[in-house]
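K.L.:
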Amino acid sequence: MKHIVLTGGGTAGHVTPNIALIPSLQEAGYKISYIGSYDGIEKKLIEDLGIPYYGISSGKLRRYFDPKNFSDPFRVIKGYQEAKKLLKELNPNIVFSKGGFVSVPVVLAAKARKIPAIIHESDMTPGLANKICIPSAAKVCCNFPETVKCLPADKAVLTGTPIRQELLNGNKLEALKFCGFTAGKPVILVIGGSLGSVAVNNAVRGILPELLKDFQVIHLCGKEKLDPSLNGTEGYVQFEYIKKELPDLFALADIIISRAGANAICEISSLAKPNLLIPLSANASRGDQILNARSFERQGYSKVLEEEELSPEKLLEAVHDLYENRQTYIDAMAGSGHTDSIGRIVSLIQECERKED
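If you number the sequence shown the way our numbering does, the last residue is 724 and the count never jumps.
1) Report all residues from its chain with a CB closer than 6 angstroms to the CB of Thr526; omit the five preceding and five following residues, and keep chain order.
2) Kindly confirm or deny that the stretch 369-378 and the stretch 393-402 touch, where touching means at least three C-beta pairs closer than 8 angstroms.
3) Using only alpha-carbon positions, find the residue among Ile558, Ala476, Arg661 and Pro483 that is nearest to Glu634.
4) Is it buried or exposed, Arg665, if we count other Cβ atoms within 10 angstroms and call 16 or more buried?
5) Since Val462 and Ala484 should fall inside the 8 angstroms C-beta cutoff, what is the C-beta to C-beta distance between them, to a whole number of angstroms?
6) Look at Asn630 and Gly377 and say whether their C-beta atoms are less than 8 angstroms apart.
7) Using the Cα positions of Pro641 and Arg661, report the straight-line distance between them to the nearest angstrom.
8) Do you know how far the Cα of Phe663 is from the Cα of Ile657?
9) Could you compute how far the alpha carbon of Arg429 sits from the alpha carbon of Thr528?
10) Using the C-alpha atoms, what's the distance from Leu682 back to Gln308?
11) Which partner residues of His487 appear in the DSSP bridge assignment?
12) Is Gly573 helix, strand or coil by DSSP?
13) Tell me whether the beta-carbon of Pro679 lies closer than 8 angstroms to the beta-carbon of Gly573.
14) Quick one: what's Phe606 bridged to in DSSP?
15) Could you give the uninterrupted runs of the alpha helix (DSSP H) lying entirely in the stretch 628-705, keeping only those of 4 residues or more?
16) Quick one: which unbroken alpha helix (DSSP H) runs of 4-plus residues sit fully inside the stretch 373-408? Chain order, please.
17) Quick check on Arg480: does DSSP put it in helix, strand or coil?
See the structure below:
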């Protein structure tokens, strides 16, 4: 049986596209194993699916000063040795990486063991982890047409991002029941990312009394970001993270407020949900979310409010404007002609895999 190792982690955005590929890979006859960090978010997400999971040491390579910059390179070296040993034992035909720093030692170890590796870059420009991995990769999948020119011509493949098919089949009535909401009032879904965005959370909570006059609010606020003082507020529910019920919550949402991670915005656009994007500030990142958001704004899919502009008045105005003009955004996304990302990536995996000796 053909064997593929998937890798990627650190945030849900580095795991959910891998999860989206799993059913089609199984249908294509692949045995699947997963290599992630010892205790990252990916561990539980993958183990819940019954996929064999192997943890390795993982360090982060930062562009800014941090005392961990002195110790993390040793963690990466340890992870590389562990990944090499694991790949020797598992002996897969191919490795597919969705990125994040845990993927770096796996992709480098794959090259050392002469196992082809395909990597996927969701953002407009490659992140540091993928930049390190590109020389060791057989192919590099990407999400935006603008990204192709940033990549080696013989490796770049425009595939889009794999979307979990179950997201397209949510049940509004189940979501109403789950949230305890009424049917007659529009619903805002707020997504601050799997780790939670303090800026987005605070901004939404700061105008909550005003929002609740016209809307009901579902707030996915991230790990350890719940506000107990808001429990029991009529028309408002908050969750750290939602898995099983997420398709239902998407189905119920009239508009979405979200960070601008590439996977999140691709899921939102595939569902044609009018959205307000608040990208992670360039002061706190390499600015990839701003590029992603502006690309979607140019295509008419999203309204954008940058974090530096975030104020109660501007946020409230943007929400009302988005809701009033929601059909314009729905029409733009509905006409976008999304590609069959899963089919294209599985075909690429089959083309690149190492053949049995």
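Backbone N, C-alpha and C define an ideal beta-carbon position, used for all residues, glycine too.
P.N.:
In short:
1) If the five residues before and after Thr526 are omitted, its C-beta is found closer than 6 angstroms to the C-beta atoms of Cys508, Ser708, Arg711 and Ile712, all from its own chain and listed in chain order.
2) yes
3) Ile558
4) exposed
5) 4 angstroms
6) With contacts defined as CB atoms closer than 8 angstroms, Asn630 and Gly377 fail to qualify as a contacting pair.
7) 15 angstroms
8) For Ile657 and Phe663, the distance between alpha carbons rounds to 10 angstroms.
9) Only weak support exists for where Arg429 lies, its pLDDT of 46 falling under 50; the coordinates are left without a value.
10) Since the first residue shown for the chain is 368 and the last is 724, residue 308 is missing from the structure and cannot be characterised.
11) Cys508
12) Gly573: helix per DSSP, three-state reduction.
13) yes
14) Leu587
15) 629-637, 655-665, 679-691 and 693-701
16) 383-394
17) coil
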